[in-house]
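Asker: Pasting a structure here, questions to come.
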């Protein structure tokens, strides 16, 4: 089941209970935001996790050393409500809200300290928390916006701190503030430099994915499928695991283009692509091989299981209101067999299905 931006796994006891299900979905969303953030890069995931650890530990220490009272409790309730709302936006949008949530939280702690007459050196405890703003901004915004937001919040916080401490110990306290502020600028530079590397890496990954994706169906293209097949063949040779290859060709597809137009034909291809993806396991690979032909790579699958899957897909496609059927050619990998030989057998099976009347599944064993 999908909910928002993430796949929702629901324990059996919770299924069918709408109120509990919504709560469970919210817990999963919060967990995904905290753990994953908006980037899968391991370095940033580590920094992102540290920022949340810093927030949690800072909150605990402040509540122990300076228990809230009066208007401070209202401030905490307001910020908690803001965080709840931010988490509800899902893992893609939540970091944009959490940047400001972190800033508001630090501002509340700063005001509490000023009004409660906390000793000056304790204000330096603010330092370990503020980098969370930089990390959240680096995840949620482009580099320029991240710089402005991070340094803007830092200037606000340390500006208020400098004004609040001016009447206490004068220049000595301002020296503490200046030292802490320079430390924050250094932290900002390092983290946002990493953000720049992340941005460049994301652009490189985007173009690499574009080169391996079919523009019409958004499936992996022929080159991507060949790479996946090479990896699976290496795994089979090393561990002795089986896998099967299925070639799918839409029957009389040229007639659809000729009679109904290429736009309609393109829509049929897109719908068939979605149908194939939904009909296989997550670990299976579905690719557009070219024209009206698709290829399926089925790891850990014997020929008997591949034949059952192909027959189920064939029947389901025929029952769809697409006005198109398909022929399937199935081949199971044999130990020591080359990619070319495996494809040749699958292609021969597909050709046999076409010869025998189309809209059928054929299999050619090896040996």
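Numbering (the UniProt record's numbering), first residue to last: 1 to 367. We put the CB at the ideal spot given by N, CA and C, even for glycine.
State the start and end residues of the unbroken alpha helix (DSSP H) segment that holds residue 318.
Answerer: Position 318 of the chain shown, counted from the start, is the residue given in the question as residue 318. That run of the alpha helix (DSSP H) goes 303-319.
Asker: Here's the rule I'm using: 16 or more other beta-carbon atoms within 10 Å means buried, otherwise exposed. How should residue 332 be labelled?
Answerer: For the purposes of this step, residue 332 is identified with residue 332 of the chain shown, where counting begins at 1. When all chains shown are included, residue 332 counts as buried.
Asker: State the Cα-Cα distance for the pair residue 305 and residue 254, rounded to the nearest angstrom.
Answerer: Position 305 of the chain shown holds residue 305. Position 254 of the chain shown holds residue 254. Computed Cα separation, rounded: 31 Å.
Asker: Could you check if residue 73 is buried or exposed, using at least 16 other CB atoms within 10 Å of its CB as the buried criterion?
Answerer: Locating residue 73 in the chain shown gives position 73, counting from the first residue. The residue is exposed, with fewer than 16 neighbouring Cβ atoms inside 10 Å.
Asker: With burial defined as no fewer than 16 other Cβ atoms inside 10 Å of the residue's Cβ, what is the status of residue 40: buried or exposed?
Answerer: One-based indexing of the chain shown puts residue 40 at position 40. Bear in mind that a pLDDT of 43 at residue 40, under 50, signals an unreliable position, so the number given afterwards is only what the model happens to contain. Exposed, because fewer than 16 other Cβ atoms sit within 10 Å of the Cβ of residue 40.
Asker: Pick out whichever of 226, 67, 329, 99 has its Cα sitting closest to the Cα of residue 113.
Answerer: Within the chain shown, residue 113 is the residue found at index 113, counting from 1. It is 67.
Asker: Report yes or no: do the segment 351-365 and the segment 316-329 share at least 3 C-beta pairs separated by less than 8 Å?
Answerer: Yes, the segment 351-365 is in contact with the segment 316-329.
Asker: For residue 350, which of 249, 223, 301 has the nearest alpha-carbon?
Answerer: As a working note, residue 350 is residue 350 in the chain shown. Nearest C-alpha to residue 350: 249.
Asker: Residue 369 to residue 213, Cα distance in whole Å?
Answerer: In the structure displayed, the chain extends from 1 to 367; residue 369 sits before or after that span and is not available.
Asker: Please report the Cβ distance between residue 260 and residue 297, rounded to the nearest whole angstrom; I am assuming they are in contact, meaning their Cβ atoms lie under 8 Å.
Answerer: Locating residue 260 in the chain shown gives position 260, counting from the first residue. Locating residue 297 in the chain shown gives position 297, counting from the first residue. Residue 260 to residue 297, Cβ: 31 Å. No contact.
Asker: If you follow the alpha helix (DSSP H) that residue 323 is in, where does it begin and where does it stop?
Answerer: Residue 323 sits at position 323 when you count from the first residue of the chain shown. Element bounds for residue 323: n/a, residue is neither H nor E.
Asker: Find the nearest neighbour of residue 107 within the set 339, 116, 157, 63, judged by alpha-carbon distance.
Answerer: For this step, residue 107 is matched to residue 107 along the chain shown. Selected option, being the one with the closest Cα: 157.
Asker: With three or more beta-carbon pairs closer than 8 Å as the criterion, would you say the segment 261-270 touches the segment 337-351?
Answerer: No: fewer than three Cβ pairs fall under 8 Å.
Asker: In whole angstroms, what separates the C-alpha of residue 316 from that of residue 239?
Answerer: As a working mapping, residue 316 is identified with position 316 in the chain shown. As a working mapping, residue 239 is identified with position 239 in the chain shown. So the two alpha carbons sit approximately 34 Å from each other.
Asker: For residue 293, write down the residues that DSSP places opposite it in a beta bridge.
Answerer: Your numbering for residue 293 matches position 293 in the chain shown. DSSP lists 249, 290 as partners of residue 293.
Asker: So if DSSP puts residue 213 in a beta bridge, which residue, or which two residues, is it bridged to?
Answerer: The residue labelled residue 213 in the question sits at position 213 within the chain shown. In the DSSP output, where bridge partners are listed per residue, residue 213 has 220.
Asker: Please report the distance separating the alpha-carbon of residue 53 from that of residue 60.
Answerer: Within the chain shown, numbered from 1, the residue matching residue 53 stands at position 53. Within the chain shown, numbered from 1, the residue matching residue 60 stands at position 60. Looking at the two C-alpha atoms, the distance is approximately 11 Å.
Asker: Work out the CA separation of residue 263 and residue 216 for me, nearest whole Å.
Answerer: On the chain shown, position 216 is the one that residue 216 refers to. On the chain shown, position 263 is the one that residue 263 refers to. The straight-line gap from Cα to Cα measures roughly 11 Å.
Asker: In the DSSP assignment, what are the bridge partners of residue 331?
Answerer: The sequence position of residue 331 within the chain shown is 331, counting from 1. Residue 331 is bridged to 245.
Asker: Does DSSP put residue 66 in a helix, in a strand, or in coil?
Answerer: Residue 66 sits at position 66 when you count from the first residue of the chain shown. Three-state DSSP puts residue 66 in coil, outside helix and strand.
Asker: Do residue 243 and residue 300 have their C-beta atoms within less than 9 Å of each other?
Answerer: By 1-based counting over the chain shown, the position of residue 243 is 243. By 1-based counting over the chain shown, the position of residue 300 is 300. Yes, the pair counts as a contact, with Cβ atoms nearer than the cut-off.
Asker: To the nearest angstrom, report how far apart residue 293 and residue 232 are at their CA atoms.
Answerer: For the purposes of this step, residue 293 is identified with residue 293 of the chain shown, where counting begins at 1. For the purposes of this step, residue 232 is identified with residue 232 of the chain shown, where counting begins at 1. If you take the alpha carbons of residue 293 and residue 232, they lie about 21 Å apart.
Asker: What residue does the alpha helix (DSSP H) around residue 355 start on, and which one ends it?
Answerer: By one-based count along the chain shown, residue 355 stands at place 355. From DSSP, the alpha helix (DSSP H) with residue 355 extends over 339-355.
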